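In our numbering, the protein residues as written are 1 to 209.
Ideal placement from N, C-alpha and C gives every residue a C-beta, glycine not left out.
The structure displayed is predicted, hence computed values, not measured ones.
1. Buried or exposed: residue 109, going by 16 or more other Cβ atoms within 10 Å of its Cβ?
2. To which residues does DSSP link residue 106 through a beta bridge?
3. Cα-Cα, which of 134, 71, 53 and 189 is closest to residue 202?
4. With burial defined as no fewer than 16 other Cβ atoms inside 10 Å of the residue's Cβ, what is the status of residue 215: buried or exposed?
5. If you draw a straight line from the C-alpha of residue 157 to the C-alpha of residue 81, how long is it?
6. Apart from the five residues on each side of it in sequence, which residues of its chain come closer than 6 Å, Cβ to Cβ, to residue 116?
7. Note down the Cα distance separating residue 138 from residue 104, rounded to an integer number of angstroms.
8. Short of 6 Å in beta carbon distance, which residues of its chain neighbour residue 13, apart from the five on each side in sequence? Order them along the chain.
9. Compare the C-alpha of residue 140 against each of 92, 76 and 87 and name the closest.
10. Please return the same chain residues whose Cβ sits closer than 8 Å to the Cβ of residue 89, not counting the five positions on each side in sequence.
11. Please tell me whether residue 191 and residue 175 are closer than 9 Å, where the distance is taken between their beta carbons.
Below, the structure written as structure tokens:
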């Protein structure tokens, strides 16, 4: 976040004199305690300062980038997951290609009648299946899809940074978000490279407002 000149001065005062009361900070700046209250609240909520009752304010020792990193590490998948694009395992390869084109995605998730995850289809899978003179309307996707245990997935309570690492390490475009049920892993969302990029861009933009 961008700090005002007064907020930067407050941090310097606390660095040099902390722990220090709000009253003494105000005296250093020639201002009233009431005038400084919003600035002290912002700096405390942002993590630059901490406060202890009857002791005063002290500097946490953390820079803006460190605070940003801490915030990122707390993000959960559930906060950023989007609607999954799925096809039934009995759907044809032709239908899957049409769905991928219409939805403009790079990965389709294959589900059974209980909406539980049974497979994943990538662009490469569909491209390989379309080579040759095969009738794509008669080839079910379950023949060409990637199956368990070769599917990478995550849970809604997983950290977003861990989901991002899975995308990087596996060199894939997206992972399904699932929850465990008696019928299997029910798919409830998706995390993609685009999702994570948007999340980090929004975070940076918000931090500079």
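If we stick to the structure as given:
1. Walking along the chain shown from the start, residue 109 turns up at place 109. Buried is the call here.
2. Looking up residue 106 in the chain shown gives position 106. Answer is none; residue 106 lacks a bridge partner.
3. The residue labelled residue 202 in the question sits at position 202 within the chain shown. Checking every option, the nearest Cα to that of residue 202 belongs to 71.
4. Within the shown structure, residues of the chain are numbered from 1 to 209, placing residue 215 beyond reach of any answer.
5. In the chain shown, the residue the question calls residue 157 occupies position 157. In the chain shown, the residue the question calls residue 81 occupies position 81. When rounded, the distance between both Cα atoms is 11 Å.
6. For this step, residue 116 is matched to residue 116 along the chain shown. Cβ within range, chain order: 183, 184, 185 and 186.
7. Looking up residue 138 in the chain shown gives position 138. Looking up residue 104 in the chain shown gives position 104. Distance between the alpha carbons of residue 138 and residue 104 is about 23 Å.
8. Within the chain shown, the letter at position 13 stands for residue 13. Hits under 6 Å: 25 and 28.
9. By 1-based counting over the chain shown, the position of residue 140 is 140. Comparing Cα positions, the closest option is 92.
10. Counting from 1 along the chain shown, the entry for residue 89 is found at position 89. For residue 89, where only same-chain residues beyond five positions count, the Cβ hits under 8 Å are 110, 111, 112, 118, 119, 140, 141, 142 and 145.
11. Within the chain shown, residue 191 is the residue found at index 191, counting from 1. Within the chain shown, residue 175 is the residue found at index 175, counting from 1. Yes. Within cutoff.
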